[in-house]
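Residue numbers (the numbering used here): 17 to 134.
These notes are about the structure you will find just below.
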Amino acid sequence: MTAHDKTQATEYVVSAYYRVHPEDRQTFIDAVIPDMTAAAKMHGCVYYAFAQDLTDPDLFHLTEGWADEASYEAHENAPTFLTALRTVVENVRILDRQGVRYQVAKIVLDDPRGRVAD
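This is the structure we're talking about:
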(Lines of atoms letter the chains of each structure in order from A and count residues from 1; the text may use other names and numbers.)
(Lines give C-alpha, C1' and ligand atoms only; values in the text may rest on other atoms or scores of the structure.)
Protein backbone atom coordinates (compact mmCIF):
# COMPACT_ATOMS: atom_id res chain seq x y z
CA MET A 1 0.00 0.00 0.00
CA THR A 2 1.19 3.52 -0.76
CA ALA A 3 0.31 6.79 0.92
CA HIS A 4 -3.10 8.10 -0.10
CA ASP A 5 -4.34 4.73 -1.41
CA LYS A 6 -8.04 5.62 -1.68
CA THR A 7 -9.08 1.95 -1.60
CA GLN A 8 -7.33 1.37 1.73
CA ALA A 9 -9.63 1.26 4.74
CA THR A 10 -8.82 3.67 7.54
CA GLU A 11 -8.45 1.94 10.91
CA TYR A 12 -7.16 4.93 12.91
CA VAL A 13 -8.65 8.41 12.59
CA VAL A 14 -7.47 11.55 14.37
CA SER A 15 -9.62 14.65 14.57
CA ALA A 16 -8.31 17.75 16.30
CA TYR A 17 -8.49 21.52 16.40
CA TYR A 18 -6.07 24.14 17.67
CA ARG A 19 -6.79 27.78 18.41
CA VAL A 20 -3.52 29.69 18.50
CA HIS A 21 -2.59 33.15 19.65
CA PRO A 22 -2.69 35.50 16.62
CA GLU A 23 0.96 36.49 17.15
CA ASP A 24 2.00 32.82 16.99
CA ARG A 25 -0.04 31.84 13.92
CA GLN A 26 2.85 31.87 11.42
CA THR A 27 5.14 30.00 13.80
CA PHE A 28 2.46 27.32 14.10
CA ILE A 29 2.03 27.08 10.33
CA ASP A 30 5.77 26.91 9.73
CA ALA A 31 6.13 24.17 12.36
CA VAL A 32 3.41 21.86 11.03
CA ILE A 33 4.02 22.08 7.26
CA PRO A 34 7.17 19.88 7.24
CA ASP A 35 5.38 17.20 9.27
CA MET A 36 2.32 17.37 7.02
CA THR A 37 4.48 16.79 3.98
CA ALA A 38 6.38 13.92 5.58
CA ALA A 39 3.29 12.27 7.10
CA ALA A 40 1.45 12.21 3.77
CA LYS A 41 4.32 10.16 2.31
CA MET A 42 4.54 7.65 5.15
CA HIS A 43 3.57 4.03 4.75
CA GLY A 44 0.03 3.55 6.02
CA CYS A 45 -1.07 7.16 5.68
CA VAL A 46 -4.45 7.18 3.96
CA TYR A 47 -4.84 10.96 4.39
CA TYR A 48 -3.34 13.77 6.44
CA ALA A 49 -4.78 17.27 6.33
CA PHE A 50 -4.05 20.28 8.51
CA ALA A 51 -6.03 23.33 7.43
CA GLN A 52 -6.70 26.84 8.59
CA ASP A 53 -10.37 27.59 9.27
CA LEU A 54 -12.11 29.59 6.54
CA THR A 55 -13.73 32.03 8.98
CA ASP A 56 -11.21 32.18 11.85
CA PRO A 57 -7.53 32.57 10.89
CA ASP A 58 -6.39 31.51 14.37
CA LEU A 59 -8.22 28.16 14.26
CA PHE A 60 -6.71 25.08 12.61
CA HIS A 61 -8.29 21.68 11.93
CA LEU A 62 -6.38 18.43 11.72
CA THR A 63 -7.69 15.18 10.31
CA GLU A 64 -5.58 12.08 9.85
CA GLY A 65 -6.39 8.61 8.57
CA TRP A 66 -4.04 5.68 9.13
CA ALA A 67 -4.31 2.14 7.82
CA ASP A 68 -3.39 0.57 11.15
CA GLU A 69 -1.99 1.20 14.62
CA ALA A 70 1.60 0.54 13.57
CA SER A 71 1.41 3.25 10.89
CA TYR A 72 -0.11 5.72 13.33
CA GLU A 73 2.55 4.98 15.96
CA ALA A 74 5.33 5.29 13.36
CA HIS A 75 4.14 8.81 12.62
CA GLU A 76 3.86 9.72 16.31
CA ASN A 77 7.50 8.72 16.77
CA ALA A 78 8.84 10.17 13.51
CA PRO A 79 11.51 12.88 13.78
CA THR A 80 9.40 15.31 11.74
CA PHE A 81 6.44 14.96 14.11
CA LEU A 82 8.61 15.27 17.22
CA THR A 83 10.32 18.37 15.81
CA ALA A 84 6.96 20.00 15.01
CA LEU A 85 5.62 19.09 18.44
CA ARG A 86 8.65 20.54 20.22
CA THR A 87 8.47 23.77 18.19
CA VAL A 88 4.76 24.22 18.92
CA VAL A 89 5.04 23.38 22.62
CA GLU A 90 7.97 25.74 23.12
CA ASN A 91 6.93 28.64 20.84
CA VAL A 92 3.18 28.72 20.24
CA ARG A 93 0.54 29.82 22.70
CA ILE A 94 -2.30 27.34 22.20
CA LEU A 95 -5.45 29.04 23.49
CA ASP A 96 -7.70 26.03 23.05
CA ARG A 97 -7.36 22.56 21.60
CA GLN A 98 -8.98 19.19 21.46
CA GLY A 99 -7.67 16.05 19.88
CA VAL A 100 -9.47 12.74 19.60
CA ARG A 101 -8.14 9.47 18.21
CA TYR A 102 -10.65 6.92 17.02
CA GLN A 103 -9.94 3.27 16.47
CA VAL A 104 -12.54 2.25 13.94
CA ALA A 105 -14.44 -0.90 14.93
CA LYS A 106 -16.38 -1.32 11.68
CA ILE A 107 -15.27 0.00 8.34
CA VAL A 108 -17.61 0.68 5.43
CA LEU A 109 -16.13 2.46 2.43
CA ASP A 110 -18.88 4.82 1.28
CA ASP A 111 -19.32 6.48 -2.12
CA PRO A 112 -22.70 8.24 -2.44
CA ARG A 113 -22.08 9.39 -6.04
CA GLY A 114 -24.13 6.44 -7.31
CA ARG A 115 -27.25 8.10 -5.88
CA VAL A 116 -27.06 10.87 -8.47
CA ALA A 117 -28.82 10.06 -11.72
CA ASP A 118 -27.02 10.97 -14.94
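C-beta atoms are modelled at their ideal positions from N, C-alpha and C, and glycine is treated no differently.
Its Cα nearest to that of D74, the residue R35 stands out among A25, A47 and R35. Of the candidates M58, W82 and A32, W82 places its Cα closest to the Cα of V120.
Per DSSP, the continuous beta strand (DSSP E) segment holding R35 begins and ends at Y28 to V36.
Taking all protein chains in view, the Cβ of G115 is surrounded by fewer than 16 other Cβ atoms within 10 Å, so the residue is classified as exposed. Contact check for D40 and R109: beta-carbon distance about 5 Å, within the 8 Å limit, so the pair qualifies. In the three-state reduction of the DSSP assignment, V120 falls in the coil class, being assigned neither a helical nor a strand state. C-alpha of E89 to C-alpha of A56: approximately 14 Å in a straight line. R113 and E85 have their C-alpha atoms spaced approximately 23 Å apart.
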